[in-house]
Ligand SMILES: Cc1cc2nc3c(=O)[nH]c(=O)nc-3n(C[C@H](O)[C@H](O)[C@H](O)COP(=O)(O)OP(=O)(O)OC[C@H]3O[C@@H](n4cnc5c(N)ncnc54)[C@H](O)[C@@H]3O)c2cc1C
């Protein structure tokens, strides 16, 4: 069980900046995200696309923004717990908050900062009965490391940018064979990606197969050896493989959060805009997940909310210190915390 001052639920831009703002208030934080990487929507939905409205940053990609936010929070070393969903929440008799994740990690926190965005991102799974038994072994929904692919017969399933980008990337990882599988003809990806895919197809490094996966075959030792593909016309066909990466996109799910007794409006958590406190004591909500009059679902609004929440939490938790607004430019306390 991990005891912490603050638990941040969600490692999107709001959650990462929350860790920085709490650090300035000398409040240490742990961050949990169901995705195996930090960055929320910026990393999952538009990592390589430009953002033009971050104050003082004329342009950066989603990936670059996430890297900068992590670098900015690094002096406070927030502990990241990735690949796990926060599933349960309760208040202990002493007022502290108890939470647990799908991976069995348990936290007791003095304050909770919900930065859950539009929900916990879950990969769209294959709808084939029994195939879930191979998850984490021959079946992956998030890209494994390149070493896991070398010498394997890899099938990447999906028709969008994620699938095309994964196939292109893994063509460099020396697979024994590489197949891109899509339910129908044609892929939805950037022109440059499509051109690279065509180049790799022409070079015989990626083969493209069309069909709807509807079944699988395992060998006597329980290893996944084939997908069964159905077609609009004609009989089913087998597709040999020993590694399957499904990249059919991510879909957000509000999940158990909705049952924690927090006041909600249209699937968002109602907060006091002065503090970002929810209807429960010591529980804050920042970023896309919260709602107050005039709320805008923009990254910079999440940054503002994280700042207000950190000041409010400091006033409630840091009883030994008078909390006043300080500038990083002139405060020796803040510069000391930042290691400057
Ligand atoms: C295509 C696109 C382009 C955009 N462009 C811009 C732009 O140019 N400028 C701009 O300001 N905004 C833009 N946005 C909006 C911006 O991305 C969001 O406002 C921002 O990501 C919200 O940040 P967040 O941290 O609140 O939530 P998110 O980024 O959604 O992160 C929330 C995280 O919480 C995790 N999570 C949720 N529930 C749980 C749980 N129970 N357990 C564990 N983890 C959980 C999720 O997996 C997710 O990683 C864009 C959005 C999209 C989709």
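In this note's numbering, the protein residues as written are -3 to 336. Don't be surprised by glycine CBs; every beta carbon is placed ideally from N, CA and C. It should be emphasised that the depicted structure is a prediction, and the values quoted were computed from it without experimental measurement.
- At the C-beta level, residue 301 and residue 290 stay beyond 8 angstroms of one another.
- Per DSSP, residue 288 lies in no beta strand (DSSP E) segment and is marked neither H nor E.
- In the structure shown, residue 297 falls within a helical segment according to DSSP collapsed to helix, strand and coil.
- For the 8 angstroms CB-CB criterion, residue 107 and residue 236 do not form a contact.
- Look at residue 82: its beta carbon is less than 7 angstroms from one of the heavy atoms in ligand 1.
- Taking every protein chain shown into account, the CB of residue 11 has 16 or more other CB atoms within 10 angstroms, so this residue is buried.
- Not one heavy atom of ligand 1 sits closer than 7 angstroms to the Cβ of residue 280.
- Relative to ligand 1, the nearest heavy atom lies less than 7 angstroms away from the CB of residue 9.
- Restricting attention to 319, 45, 64, 139, the CA atom closest to the CA of residue 245 is found in 139.
- In this structure, DSSP gives residue 272 a state outside helix and strand, which the three-state scheme calls coil.
- Counted as a single uninterrupted DSSP element, the beta strand (DSSP E) harbouring residue 119 occupies residues 116 to 119.
- Linking residue 131 to residue 323 through their CA atoms gives a straight-line distance of about 49 angstroms.
- Look at the stretch 14 to 102 and you find these whole runs of alpha helix (DSSP H), each 4 residues long or longer: 36 to 40, 58 to 69.
- Remark: C-beta atoms of residue 162 and residue 152 approach each other more closely than 8 angstroms.
- Counting along the chain, the unbroken beta strand (DSSP E) around residue 203 starts and ends at 203 to 206.
- Proximity to residue 238 across 251, 217, 252 peaks at 217, based on C-alpha coordinates.
- The alpha carbon of residue 41 has as its nearest neighbour, out of 253, 247, 99, 154, the alpha carbon of 247.
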